[in-house]
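Just below is one structure, and these are the notes that go with it.
Numbering (my numbering), first residue to last: 1497 to 2051.
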(Lines of atoms letter the chains of each structure in order from A and count residues from 1; the text may use other names and numbers.)
(Lines give C-alpha, C1' and ligand atoms only; values in the text may rest on other atoms or scores of the structure.)
Protein backbone atom coordinates (compact mmCIF):
# COMPACT_ATOMS: atom_id res chain seq x y z
CA UNK A 1 0.00 0.00 0.00
CA UNK A 2 1.36 3.42 -0.92
CA UNK A 3 2.10 5.54 2.13
CA UNK A 4 0.49 8.93 2.66
CA UNK A 5 3.75 10.80 2.11
CA UNK A 6 4.49 8.83 -1.04
CA UNK A 7 1.00 9.42 -2.42
CA UNK A 8 1.35 13.16 -1.89
CA UNK A 9 4.66 13.06 -3.72
CA UNK A 10 3.09 11.17 -6.62
CA UNK A 11 0.05 13.45 -6.81
CA UNK A 12 2.12 16.63 -6.71
CA UNK A 13 5.00 15.43 -8.86
CA UNK A 14 6.07 17.46 -11.86
CA UNK A 15 8.39 14.84 -13.33
CA UNK A 16 11.67 16.54 -12.49
CA UNK A 17 13.43 14.11 -10.18
CA UNK A 18 16.92 12.89 -10.89
CA UNK A 19 18.74 10.12 -9.04
CA UNK A 20 22.16 9.15 -10.33
CA UNK A 21 23.35 5.94 -8.71
CA UNK A 22 26.80 5.80 -10.30
CA UNK A 23 28.40 7.34 -7.23
CA UNK A 24 26.51 5.10 -4.87
CA UNK A 25 27.43 1.70 -6.24
CA UNK A 26 29.84 0.63 -8.93
CA UNK A 27 27.94 -1.92 -10.96
CA UNK A 28 24.83 -2.51 -12.98
CA UNK A 29 22.39 -4.21 -10.65
CA UNK A 30 18.62 -4.19 -10.91
CA UNK A 31 18.40 -3.66 -7.17
CA UNK A 32 19.09 0.01 -7.68
CA UNK A 33 15.98 0.43 -9.80
CA UNK A 34 13.81 -0.31 -6.77
CA UNK A 35 15.60 1.78 -4.16
CA UNK A 36 13.25 4.74 -4.49
CA UNK A 37 9.86 3.15 -5.04
CA UNK A 38 6.71 5.06 -4.01
CA UNK A 39 5.83 2.36 -1.49
CA UNK A 40 8.98 3.34 0.37
CA UNK A 41 8.02 7.03 0.61
CA UNK A 42 10.82 8.08 -1.78
CA UNK A 43 10.47 9.56 -5.27
CA UNK A 44 9.68 7.14 -8.08
CA UNK A 45 12.71 6.00 -10.14
CA UNK A 46 10.94 6.85 -13.40
CA UNK A 47 12.17 10.40 -12.88
CA UNK A 48 15.84 9.42 -12.78
CA UNK A 49 16.16 10.18 -16.47
CA UNK A 50 15.49 13.89 -16.01
CA UNK A 51 18.32 16.45 -16.23
CA UNK A 52 20.41 16.66 -13.11
CA UNK A 53 19.76 20.28 -12.30
CA UNK A 54 16.04 20.36 -12.91
CA UNK A 55 14.95 18.94 -9.58
CA UNK A 56 16.34 21.54 -7.29
CA UNK A 57 14.59 24.83 -7.91
CA UNK A 58 14.36 26.24 -4.42
CA UNK A 59 12.68 29.38 -5.71
CA UNK A 60 9.46 27.34 -5.88
CA UNK A 61 9.56 25.17 -2.74
CA UNK A 62 6.80 22.61 -2.28
CA UNK A 63 6.61 23.66 1.37
CA UNK A 64 7.51 27.02 2.89
CA UNK A 65 9.86 25.97 5.69
CA UNK A 66 9.94 29.53 7.03
CA UNK A 67 6.38 28.93 8.21
CA UNK A 68 7.75 26.47 10.78
CA UNK A 69 9.60 29.29 12.50
CA UNK A 70 13.23 29.67 13.53
CA UNK A 71 12.46 28.98 17.20
CA UNK A 72 11.03 25.56 16.33
CA UNK A 73 13.96 24.72 14.04
CA UNK A 74 16.49 25.81 16.66
CA UNK A 75 14.72 23.59 19.17
CA UNK A 76 14.87 20.56 16.84
CA UNK A 77 18.57 21.14 16.22
CA UNK A 78 19.22 21.33 19.96
CA UNK A 79 17.19 18.15 20.58
CA UNK A 80 19.04 16.23 17.87
CA UNK A 81 22.50 17.04 19.16
CA UNK A 82 21.55 16.55 22.79
CA UNK A 83 19.86 13.16 22.35
CA UNK A 84 20.79 11.64 18.98
CA UNK A 85 24.38 12.81 18.51
CA UNK A 86 25.77 11.03 21.62
CA UNK A 87 24.41 7.75 20.26
CA UNK A 88 25.24 8.39 16.59
CA UNK A 89 28.31 10.62 16.41
CA UNK A 90 28.85 10.46 12.64
CA UNK A 91 28.20 14.19 12.10
CA UNK A 92 30.63 17.00 12.84
CA UNK A 93 28.49 19.09 15.18
CA UNK A 94 30.49 22.30 14.71
CA UNK A 95 30.42 21.99 10.92
CA UNK A 96 26.69 21.21 10.96
CA UNK A 97 25.94 24.24 13.13
CA UNK A 98 28.01 26.52 10.90
CA UNK A 99 26.07 25.42 7.83
CA UNK A 100 22.79 25.62 9.72
CA UNK A 101 23.39 29.24 10.74
CA UNK A 102 24.38 30.12 7.17
CA UNK A 103 21.26 28.39 5.79
CA UNK A 104 19.01 30.19 8.27
CA UNK A 105 20.52 33.50 7.16
CA UNK A 106 20.48 32.77 3.43
CA UNK A 107 19.21 29.39 2.11
CA UNK A 108 21.07 29.80 -1.17
CA UNK A 109 24.39 30.11 0.70
CA UNK A 110 24.49 26.38 1.48
CA UNK A 111 25.05 23.60 -1.04
CA UNK A 112 22.02 21.40 -1.78
CA UNK A 113 23.73 18.28 -0.45
CA UNK A 114 24.30 19.87 2.93
CA UNK A 115 20.73 21.18 3.03
CA UNK A 116 19.55 17.55 2.82
CA UNK A 117 21.61 16.68 5.90
CA UNK A 118 20.38 19.80 7.72
CA UNK A 119 16.73 18.99 7.03
CA UNK A 120 17.02 15.31 7.96
CA UNK A 121 18.68 16.09 11.30
CA UNK A 122 15.96 18.66 12.04
CA UNK A 123 13.27 16.12 11.07
CA UNK A 124 14.75 13.57 13.47
CA UNK A 125 14.81 16.22 16.19
CA UNK A 126 11.12 16.92 15.55
CA UNK A 127 10.24 13.22 15.82
CA UNK A 128 12.25 12.92 19.03
CA UNK A 129 10.15 15.76 20.46
CA UNK A 130 6.82 14.22 19.53
CA UNK A 131 4.46 12.22 21.70
CA UNK A 132 2.48 11.27 18.56
CA UNK A 133 -0.72 12.86 19.78
CA UNK A 134 -3.23 13.74 17.09
CA UNK A 135 -2.52 17.09 15.38
CA UNK A 136 0.86 17.31 17.10
CA UNK A 137 2.84 20.16 15.45
CA UNK A 138 6.08 18.22 15.87
CA UNK A 139 4.77 15.51 13.54
CA UNK A 140 3.61 18.06 10.99
CA UNK A 141 7.02 19.72 11.04
CA UNK A 142 8.90 16.40 10.83
CA UNK A 143 6.85 15.33 7.84
CA UNK A 144 7.34 18.68 6.11
CA UNK A 145 11.10 18.67 6.69
CA UNK A 146 11.47 15.08 5.53
CA UNK A 147 9.31 15.51 2.43
CA UNK A 148 11.18 18.64 1.42
CA UNK A 149 14.56 16.96 1.90
CA UNK A 150 13.62 13.90 -0.15
CA UNK A 151 11.77 15.75 -2.87
CA UNK A 152 14.14 18.65 -3.45
CA UNK A 153 17.57 17.42 -2.39
CA UNK A 154 17.80 13.62 -2.56
CA UNK A 155 19.09 13.63 -6.12
CA UNK A 156 21.79 16.09 -5.15
CA UNK A 157 22.99 13.75 -2.43
CA UNK A 158 23.14 10.67 -4.65
CA UNK A 159 25.26 12.60 -7.16
CA UNK A 160 27.67 14.04 -4.60
CA UNK A 161 31.31 13.06 -5.03
CA UNK A 162 32.01 12.71 -1.31
CA UNK A 163 31.32 9.19 -0.07
CA UNK A 164 31.43 10.54 3.49
CA UNK A 165 28.62 13.01 2.80
CA UNK A 166 26.49 10.39 1.04
CA UNK A 167 27.02 7.94 3.89
CA UNK A 168 26.06 10.49 6.52
CA UNK A 169 22.87 11.26 4.59
CA UNK A 170 21.89 7.60 4.25
CA UNK A 171 22.43 6.95 7.97
CA UNK A 172 20.16 9.89 8.77
CA UNK A 173 17.42 8.33 6.64
CA UNK A 174 17.68 5.11 8.66
CA UNK A 175 17.53 6.98 11.96
CA UNK A 176 14.49 8.92 10.74
CA UNK A 177 12.72 5.66 9.84
CA UNK A 178 13.37 4.29 13.33
CA UNK A 179 11.51 7.23 14.90
CA UNK A 180 8.76 7.51 12.29
CA UNK A 181 5.32 5.93 12.63
CA UNK A 182 6.23 3.45 9.88
CA UNK A 183 9.51 1.70 9.13
CA UNK A 184 8.61 1.11 5.46
CA UNK A 185 11.63 2.97 4.07
CA UNK A 186 14.06 1.03 6.24
CA UNK A 187 14.84 -1.82 3.85
CA UNK A 188 15.96 0.46 1.04
CA UNK A 189 17.69 2.86 3.40
CA UNK A 190 19.93 0.16 4.87
CA UNK A 191 20.93 -0.84 1.35
CA UNK A 192 21.98 2.75 0.71
CA UNK A 193 23.98 2.81 3.95
CA UNK A 194 25.96 -0.29 2.99
CA UNK A 195 26.55 0.85 -0.58
CA UNK A 196 27.77 4.29 0.40
CA UNK A 197 29.82 2.92 3.28
CA UNK A 198 31.61 0.56 0.89
CA UNK A 199 32.38 3.57 -1.31
CA UNK A 200 33.73 5.38 1.76
CA UNK A 201 35.95 2.42 2.65
CA UNK A 202 37.27 2.29 -0.91
CA UNK A 203 37.89 6.04 -0.84
CA UNK A 204 39.81 5.77 2.44
CA UNK A 205 41.95 2.96 1.06
CA UNK A 206 42.69 5.02 -2.05
CA UNK A 207 43.70 7.97 0.12
CA UNK A 208 46.03 5.71 2.10
CA UNK A 209 47.65 4.45 -1.10
CA UNK A 210 48.14 8.04 -2.25
CA UNK A 211 49.39 8.97 1.22
CA UNK A 212 46.75 11.68 1.30
CA UNK A 213 47.26 14.43 3.86
CA UNK A 214 43.80 14.14 5.33
CA UNK A 215 43.55 15.76 8.72
CA UNK A 216 43.30 13.70 11.88
CA UNK A 217 39.82 15.15 12.44
CA UNK A 218 38.64 13.98 9.01
CA UNK A 219 40.07 10.48 9.48
CA UNK A 220 38.41 10.29 12.88
CA UNK A 221 35.07 11.36 11.40
CA UNK A 222 35.41 8.79 8.60
CA UNK A 223 36.14 6.08 11.16
CA UNK A 224 33.12 7.04 13.25
CA UNK A 225 30.94 7.08 10.16
CA UNK A 226 32.01 3.54 9.24
CA UNK A 227 31.51 2.42 12.84
CA UNK A 228 28.01 3.91 12.72
CA UNK A 229 27.26 2.07 9.48
CA UNK A 230 28.31 -1.21 11.03
CA UNK A 231 26.25 -0.58 14.16
CA UNK A 232 23.20 0.44 12.10
CA UNK A 233 23.51 -2.63 9.89
CA UNK A 234 23.87 -4.97 12.85
CA UNK A 235 20.87 -3.50 14.64
CA UNK A 236 18.69 -3.85 11.55
CA UNK A 237 19.96 -7.36 10.73
CA UNK A 238 19.27 -8.53 14.28
CA UNK A 239 15.76 -7.08 14.38
CA UNK A 240 14.40 -7.70 10.88
CA UNK A 241 14.78 -10.39 8.21
CA UNK A 242 14.60 -8.63 4.87
CA UNK A 243 14.92 -10.56 1.60
CA UNK A 244 18.63 -11.10 1.00
CA UNK A 245 19.57 -10.11 -2.52
CA UNK A 246 23.03 -11.04 -3.76
CA UNK A 247 24.08 -7.39 -3.57
CA UNK A 248 22.85 -6.93 0.01
CA UNK A 249 24.43 -10.17 1.19
CA UNK A 250 27.75 -9.26 -0.44
CA UNK A 251 27.76 -5.79 1.11
CA UNK A 252 26.85 -7.25 4.50
CA UNK A 253 29.78 -9.70 4.31
CA UNK A 254 32.18 -6.93 3.26
CA UNK A 255 30.99 -4.74 6.12
CA UNK A 256 31.55 -7.60 8.57
CA UNK A 257 35.03 -8.35 7.25
CA UNK A 258 36.13 -4.71 7.37
CA UNK A 259 34.64 -4.03 10.81
CA UNK A 260 36.28 -7.17 12.19
CA UNK A 261 39.67 -5.66 11.33
CA UNK A 262 38.84 -2.34 12.98
CA UNK A 263 40.14 -2.71 16.50
CA UNK A 264 38.18 -0.87 19.13
CA UNK A 265 40.32 1.54 21.13
CA UNK A 266 39.71 0.03 24.55
CA UNK A 267 42.30 2.29 26.17
CA UNK A 268 40.08 5.25 25.38
CA UNK A 269 37.21 6.17 27.74
CA UNK A 270 35.09 6.71 24.62
CA UNK A 271 31.82 4.82 25.06
CA UNK A 272 31.26 4.71 21.30
CA UNK A 273 34.31 2.45 20.92
CA UNK A 274 32.80 0.05 23.49
CA UNK A 275 29.45 0.08 21.75
CA UNK A 276 31.19 -0.70 18.47
CA UNK A 277 32.99 -3.61 20.15
CA UNK A 278 29.67 -5.08 21.32
CA UNK A 279 28.11 -4.80 17.86
CA UNK A 280 31.18 -6.54 16.43
CA UNK A 281 30.54 -9.45 18.80
CA UNK A 282 26.88 -9.53 17.75
CA UNK A 283 27.93 -9.46 14.11
CA UNK A 284 30.28 -12.36 14.74
CA UNK A 285 27.40 -14.27 16.34
CA UNK A 286 25.15 -13.65 13.34
CA UNK A 287 27.72 -14.56 10.71
CA UNK A 288 28.89 -17.61 12.67
CA UNK A 289 25.30 -18.86 12.86
CA UNK A 290 24.97 -18.44 9.10
CA UNK A 291 28.09 -20.52 8.45
CA UNK A 292 27.30 -23.24 10.98
CA UNK A 293 23.54 -23.46 10.44
CA UNK A 294 23.79 -26.73 8.51
CA UNK A 295 25.49 -28.42 11.44
CA UNK A 296 23.45 -30.20 14.09
CA UNK A 297 22.56 -27.73 16.87
CA UNK A 298 24.43 -29.87 19.42
CA UNK A 299 27.50 -30.37 17.23
CA UNK A 300 30.64 -29.92 19.39
CA UNK A 301 32.24 -27.62 16.81
CA UNK A 302 29.20 -25.36 16.83
CA UNK A 303 29.02 -25.48 20.61
CA UNK A 304 32.67 -24.43 20.94
CA UNK A 305 31.93 -21.28 18.93
CA UNK A 306 28.91 -20.52 21.12
CA UNK A 307 30.93 -20.83 24.31
CA UNK A 308 33.69 -18.64 22.89
CA UNK A 309 31.21 -15.92 21.94
CA UNK A 310 29.48 -16.20 25.28
CA UNK A 311 32.85 -15.55 26.94
CA UNK A 312 33.42 -12.51 24.72
CA UNK A 313 30.06 -11.09 25.79
CA UNK A 314 30.88 -11.66 29.45
CA UNK A 315 34.29 -10.01 29.04
CA UNK A 316 32.58 -7.02 27.41
CA UNK A 317 30.15 -6.77 30.33
CA UNK A 318 33.02 -6.84 32.82
CA UNK A 319 34.90 -4.12 30.93
CA UNK A 320 31.79 -1.92 30.84
CA UNK A 321 31.26 -2.26 34.57
CA UNK A 322 34.89 -1.26 35.17
CA UNK A 323 34.60 1.68 32.76
CA UNK A 324 31.39 3.10 34.21
CA UNK A 325 32.66 2.74 37.78
CA UNK A 326 35.88 4.61 36.99
CA UNK A 327 34.55 7.29 34.61
CA UNK A 328 32.83 10.48 35.84
CA UNK A 329 29.22 10.71 34.72
CA UNK A 330 28.69 12.76 31.56
CA UNK A 331 24.89 12.78 32.06
CA UNK A 332 24.35 10.98 28.74
CA UNK A 333 21.60 8.38 29.13
CA UNK A 334 23.24 5.91 26.75
CA UNK A 335 26.39 5.85 28.89
CA UNK A 336 24.65 4.85 32.11
CA UNK A 337 25.51 1.41 33.45
CA UNK A 338 21.90 0.24 33.24
CA UNK A 339 21.59 1.23 29.57
CA UNK A 340 24.86 -0.48 28.62
CA UNK A 341 24.09 -3.69 30.52
CA UNK A 342 20.75 -3.82 28.71
CA UNK A 343 22.75 -4.11 25.49
CA UNK A 344 24.62 -7.06 27.01
CA UNK A 345 21.28 -8.72 27.73
CA UNK A 346 20.28 -8.20 24.10
CA UNK A 347 23.56 -9.81 23.05
CA UNK A 348 22.87 -12.89 25.17
CA UNK A 349 19.40 -13.26 23.65
CA UNK A 350 20.83 -13.04 20.12
CA UNK A 351 23.46 -15.66 20.99
CA UNK A 352 20.92 -18.12 22.36
CA UNK A 353 17.92 -17.45 20.13
CA UNK A 354 18.61 -20.18 17.55
CA UNK A 355 19.46 -22.89 20.09
CA UNK A 356 16.64 -22.70 22.63
CA UNK A 357 15.72 -26.34 22.10
CA UNK A 358 19.08 -27.65 23.34
CA UNK A 359 20.16 -25.18 25.99
CA UNK A 360 21.20 -26.57 29.34
CA UNK A 361 19.42 -25.60 32.52
CA UNK A 362 22.05 -23.00 33.43
CA UNK A 363 21.77 -21.31 30.03
CA UNK A 364 17.98 -21.24 30.23
CA UNK A 365 18.22 -19.66 33.66
CA UNK A 366 20.67 -17.05 32.36
CA UNK A 367 18.45 -16.34 29.35
CA UNK A 368 15.36 -15.82 31.49
CA UNK A 369 17.31 -13.59 33.86
CA UNK A 370 18.77 -11.49 31.03
CA UNK A 371 15.49 -11.13 29.13
CA UNK A 372 13.45 -10.18 32.17
CA UNK A 373 16.15 -7.76 33.35
CA UNK A 374 16.28 -6.07 29.94
CA UNK A 375 12.48 -5.73 29.93
CA UNK A 376 12.45 -4.14 33.38
CA UNK A 377 15.35 -1.76 32.77
CA UNK A 378 14.01 -0.70 29.38
CA UNK A 379 10.67 0.32 30.83
CA UNK A 380 12.42 2.26 33.58
CA UNK A 381 14.61 4.00 31.00
CA UNK A 382 11.66 4.80 28.74
CA UNK A 383 9.70 6.31 31.61
CA UNK A 384 12.71 8.37 32.73
CA UNK A 385 13.74 9.47 29.23
CA UNK A 386 10.61 9.62 27.05
CA UNK A 387 12.36 11.46 24.22
CA UNK A 388 14.80 8.79 23.16
CA UNK A 389 13.40 5.30 23.68
CA UNK A 390 10.41 5.44 21.34
CA UNK A 391 11.92 3.73 18.31
CA UNK A 392 11.18 0.74 16.12
CA UNK A 393 14.48 -0.74 17.23
CA UNK A 394 13.35 -0.67 20.85
CA UNK A 395 9.99 -2.21 19.97
CA UNK A 396 11.53 -5.03 17.92
CA UNK A 397 14.08 -5.93 20.59
CA UNK A 398 11.51 -5.84 23.39
CA UNK A 399 9.18 -8.02 21.34
CA UNK A 400 12.01 -10.50 20.75
CA UNK A 401 12.70 -10.72 24.49
CA UNK A 402 9.03 -11.22 25.28
CA UNK A 403 8.64 -14.04 22.75
CA UNK A 404 11.76 -15.77 24.05
CA UNK A 405 10.54 -15.51 27.65
CA UNK A 406 7.12 -16.88 26.82
CA UNK A 407 8.68 -19.65 24.74
CA UNK A 408 10.81 -20.75 27.70
CA UNK A 409 7.70 -20.94 29.89
CA UNK A 410 5.63 -22.68 27.25
CA UNK A 411 8.15 -25.35 26.34
CA UNK A 412 9.22 -26.24 29.89
CA UNK A 413 6.99 -28.65 31.85
CA UNK A 414 5.94 -27.01 35.09
CA UNK A 415 7.48 -29.80 37.14
CA UNK A 416 10.83 -29.10 35.46
CA UNK A 417 10.86 -25.34 35.94
CA UNK A 418 13.60 -23.99 38.18
CA UNK A 419 12.90 -21.31 40.83
CA UNK A 420 13.87 -18.48 38.47
CA UNK A 421 10.66 -19.11 36.51
CA UNK A 422 8.61 -17.92 39.49
CA UNK A 423 10.86 -15.16 40.81
CA UNK A 424 9.00 -11.90 41.29
CA UNK A 425 11.68 -10.12 39.24
CA UNK A 426 11.09 -12.50 36.33
CA UNK A 427 7.33 -12.05 36.36
CA UNK A 428 7.79 -8.31 36.76
CA UNK A 429 9.96 -8.36 33.63
CA UNK A 430 7.17 -10.00 31.65
CA UNK A 431 4.69 -7.46 32.94
CA UNK A 432 7.05 -4.59 32.12
CA UNK A 433 7.37 -5.77 28.55
CA UNK A 434 3.60 -6.13 28.29
CA UNK A 435 3.19 -2.50 29.31
CA UNK A 436 5.90 -1.47 26.85
CA UNK A 437 4.17 -3.24 23.96
CA UNK A 438 0.80 -1.81 24.98
CA UNK A 439 2.22 1.73 25.02
CA UNK A 440 3.77 1.28 21.58
CA UNK A 441 0.43 0.00 20.26
CA UNK A 442 -1.25 3.28 21.23
CA UNK A 443 1.53 5.29 19.58
CA UNK A 444 1.79 3.71 16.13
CA UNK A 445 -1.06 1.81 14.41
CA UNK A 446 1.47 -0.44 12.67
CA UNK A 447 2.74 -1.67 16.05
CA UNK A 448 -0.61 -2.97 17.34
CA UNK A 449 0.16 -6.48 16.07
CA UNK A 450 3.03 -6.86 18.55
CA UNK A 451 0.76 -6.29 21.52
CA UNK A 452 -1.83 -8.60 19.99
CA UNK A 453 0.82 -11.30 19.64
CA UNK A 454 1.75 -10.91 23.29
CA UNK A 455 -1.86 -11.18 24.41
CA UNK A 456 -2.42 -14.37 22.44
CA UNK A 457 0.86 -15.97 23.47
CA UNK A 458 0.35 -15.06 27.12
CA UNK A 459 -3.16 -16.49 26.91
CA UNK A 460 -1.77 -19.85 25.85
CA UNK A 461 1.30 -19.79 28.09
CA UNK A 462 -0.24 -18.51 31.32
CA UNK A 463 -3.68 -20.03 31.12
CA UNK A 464 -3.15 -21.86 34.38
CA UNK A 465 -1.06 -21.23 37.47
CA UNK A 466 1.46 -18.77 36.09
CA UNK A 467 -1.25 -16.51 34.75
CA UNK A 468 -2.63 -16.30 38.27
CA UNK A 469 0.86 -15.78 39.69
CA UNK A 470 1.52 -12.82 37.44
CA UNK A 471 -1.91 -11.31 37.96
CA UNK A 472 -1.45 -11.53 41.74
CA UNK A 473 1.94 -9.80 41.82
CA UNK A 474 1.34 -6.80 44.07
CA UNK A 475 4.33 -5.01 42.58
CA UNK A 476 2.84 -4.97 39.11
CA UNK A 477 1.47 -1.73 37.79
CA UNK A 478 -1.67 -3.05 36.11
CA UNK A 479 -2.32 -6.74 36.84
CA UNK A 480 -5.90 -6.58 35.65
CA UNK A 481 -4.63 -5.70 32.17
CA UNK A 482 -2.74 -8.97 31.93
CA UNK A 483 -5.70 -10.88 33.29
CA UNK A 484 -7.78 -9.57 30.38
CA UNK A 485 -5.56 -11.42 27.94
CA UNK A 486 -6.03 -14.70 29.80
CA UNK A 487 -9.45 -15.25 28.34
CA UNK A 488 -10.56 -18.72 27.49
CA UNK A 489 -11.38 -19.51 23.90
CA UNK A 490 -11.42 -22.47 21.61
CA UNK A 491 -8.08 -23.84 20.55
CA UNK A 492 -9.07 -23.50 16.90
CA UNK A 493 -9.96 -19.84 17.33
CA UNK A 494 -6.66 -19.16 19.09
CA UNK A 495 -4.68 -20.86 16.35
CA UNK A 496 -6.56 -18.94 13.64
CA UNK A 497 -5.85 -15.65 15.41
CA UNK A 498 -2.19 -16.53 15.86
CA UNK A 499 -1.79 -17.49 12.21
CA UNK A 500 -3.23 -14.11 11.21
CA UNK A 501 -0.77 -12.40 13.55
CA UNK A 502 2.13 -14.37 12.08
CA UNK A 503 1.15 -13.29 8.57
CA UNK A 504 1.25 -9.64 9.65
CA UNK A 505 4.58 -10.11 11.44
CA UNK A 506 6.05 -11.67 8.31
CA UNK A 507 4.75 -8.79 6.19
CA UNK A 508 6.66 -6.45 8.52
CA UNK A 509 9.77 -8.64 8.13
CA UNK A 510 10.06 -9.50 11.82
CA UNK A 511 13.22 -11.53 12.38
CA UNK A 512 12.77 -15.10 11.15
CA UNK A 513 13.93 -16.63 14.45
CA UNK A 514 11.25 -14.76 16.40
CA UNK A 515 8.61 -15.87 13.92
CA UNK A 516 9.89 -19.46 14.12
CA UNK A 517 9.52 -19.50 17.91
CA UNK A 518 5.94 -18.27 17.62
CA UNK A 519 5.18 -20.85 14.95
CA UNK A 520 6.59 -23.60 17.16
CA UNK A 521 4.21 -22.59 19.94
CA UNK A 522 1.34 -22.68 17.44
CA UNK A 523 2.42 -26.10 16.20
CA UNK A 524 2.61 -27.56 19.69
CA UNK A 525 -0.73 -25.97 20.61
CA UNK A 526 -2.40 -27.49 17.55
CA UNK A 527 -2.04 -30.97 19.03
CA UNK A 528 -5.35 -31.43 20.78
CA UNK A 529 -5.11 -31.96 24.54
CA UNK A 530 -1.32 -31.83 24.36
CA UNK A 531 -0.01 -32.49 27.88
CA UNK A 532 3.76 -32.45 28.13
CA UNK A 533 3.78 -33.63 31.73
CA UNK A 534 1.69 -36.67 30.85
CA UNK A 535 3.95 -37.78 28.01
CA UNK A 536 6.59 -40.46 28.30
CA UNK A 537 9.32 -37.90 27.81
CA UNK A 538 10.98 -35.64 30.33
CA UNK A 539 13.76 -33.12 29.88
CA UNK A 540 17.27 -34.28 30.62
CA UNK A 541 18.54 -31.77 33.17
CA UNK A 542 22.06 -33.16 33.32
CA UNK A 543 24.30 -30.15 32.69
CA UNK A 544 26.82 -32.30 30.81
CA UNK A 545 24.21 -33.96 28.64
CA UNK A 546 21.64 -32.74 26.15
CA UNK A 547 20.31 -29.85 28.19
CA UNK A 548 17.01 -28.66 29.50
CA UNK A 549 15.03 -29.43 26.36
CA UNK A 550 16.94 -32.50 25.20
CA UNK A 551 14.17 -35.03 25.68
CA UNK A 552 14.90 -38.63 26.59
CA UNK A 553 12.81 -41.68 27.41
CA UNK A 554 12.82 -42.29 31.18
CA UNK A 555 14.19 -45.65 32.25
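For each residue, glycine too, the CB sits at the ideal point set by N, CA and C.
Nothing here was measured: the structure is a model prediction, and the numbers come from that model.
{"Item": "DSSP three-state assignment for residue 1446, whether helix, strand or coil", "Value": "The structure shown has nothing for residue 1446, since the chain only spans 1497 to 2051."}
{"Item": "contact_flag[the segment 1830-1838, the segment 1777-1786] where n(CB pairs < 8 Å) is 3 or more", "Value": "no"}
{"Item": "Nearest-angstrom Cβ-Cβ length linking residue 1852 and residue 1903, presumed shorter than 8 Å", "Value": "6 Å"}
{"Item": "Buried/exposed call for residue 1729, threshold 16 Cβ in 10 Å", "Value": "buried"}
{"Item": "Local conformation of residue 1828 per DSSP, three classes", "Value": "coil"}
{"Item": "Residue 1999 burial status per 10 Å Cβ neighbour count (16 or more: buried)", "Value": "exposed"}
{"Item": "Contact check, residue 1613 vs residue 1665, beta carbons under 7 Å", "Value": "yes"}
{"Item": "Residue from 1692, 1670, 1900 with nearest C-alpha to residue 1657", "Value": "1692"}
{"Item": "N- and C-terminal bounds of the alpha helix (DSSP H) containing residue 1843", "Value": "1833-1848"}
{"Item": "Whole beta strand (DSSP E) elements within the segment 1600-1669, 3-residue minimum", "Value": "none"}
{"Item": "Of the residues 1603, 1712, 1771, 1759, the one placed nearest residue 1727, counting alpha carbons only", "Value": "1771"}
{"Item": "Sub-7 Å separation of residue 1615 and residue 1641 beta-carbons", "Value": "yes"}
{"Item": "Length of the line joining the Cα atoms of residue 1868 and residue 1680", "Value": "29 Å"}
{"Item": "Beta-bridge pairing of residue 1736 - partner residues as DSSP gives them", "Value": "2006"}
{"Item": "Nearest to residue 1995 (by Cα), restricted to the options 2004, 2019, 2009, 2005", "Value": "2019"}
{"Item": "Local conformation of residue 1991 per DSSP, three classes", "Value": "helix"}
{"Item": "Whether residue 1929 touches residue 1959 by CB criterion (7 Å)", "Value": "no"}
{"Item": "Cβ-Cβ distance between residue 1896 and residue 1997 below 7 Å", "Value": "no"}
{"Item": "Test item: CB-CB of residue 1844 and residue 1871 under 7 Å", "Value": "no"}
{"Item": "Proximity of residue 1690 and residue 1751 at Cβ, strictly below 7 Å", "Value": "yes"}
{"Item": "Start-to-end residues for the alpha helix (DSSP H) that takes in residue 1862", "Value": "1857-1880"}
{"Item": "Helix, strand or coil at residue 1959 [DSSP, three-state]", "Value": "coil"}
{"Item": "Alpha-carbon spacing of residue 1906 relative to residue 1957, whole angstroms", "Value": "5 Å"}
{"Item": "Pair within 7 Å by beta-carbon distance, residue 1576 and residue 1620", "Value": "yes"}
{"Item": "Secondary structure of residue 1718, DSSP reduced to three states", "Value": "helix"}
{"Item": "Neighbourhood of residue 1801 by C-beta, 7 Å cutoff - its chain only, sequence neighbours within 5 removed", "Value": "1784, 1788"}
{"Item": "Beta-carbon spacing of residue 1774, residue 1736 below 7 Å", "Value": "no"}
{"Item": "Residue 1653 classed as buried or exposed, judged by whether at least 16 other C-beta atoms fall within 10 angstroms", "Value": "buried"}
{"Item": "Nonlocal neighbours in the same chain, by C-beta distance under 6 Å from residue 1490, ignoring five residues either side", "Value": "Coverage of the chain is limited to positions 1497 through 2051, which leaves residue 1490 absent and any answer about it impossible."}
{"Item": "Rounded C-alpha distance that separates residue 1798 from residue 1846", "Value": "15 Å"}
{"Item": "Alpha helix (DSSP H) segment containing residue 1796, residue limits", "Value": "1796-1822"}
{"Item": "Nearest-angstrom Cα separation, counted from residue 1754 out to residue 1670", "Value": "21 Å"}
{"Item": "Per-residue DSSP class, three states only, for residue 1581", "Value": "coil"}
{"Item": "Proximity of residue 1829 and residue 1881 at Cβ, strictly below 7 Å", "Value": "yes"}
{"Item": "Secondary structure of residue 1747, DSSP reduced to three states", "Value": "helix"}
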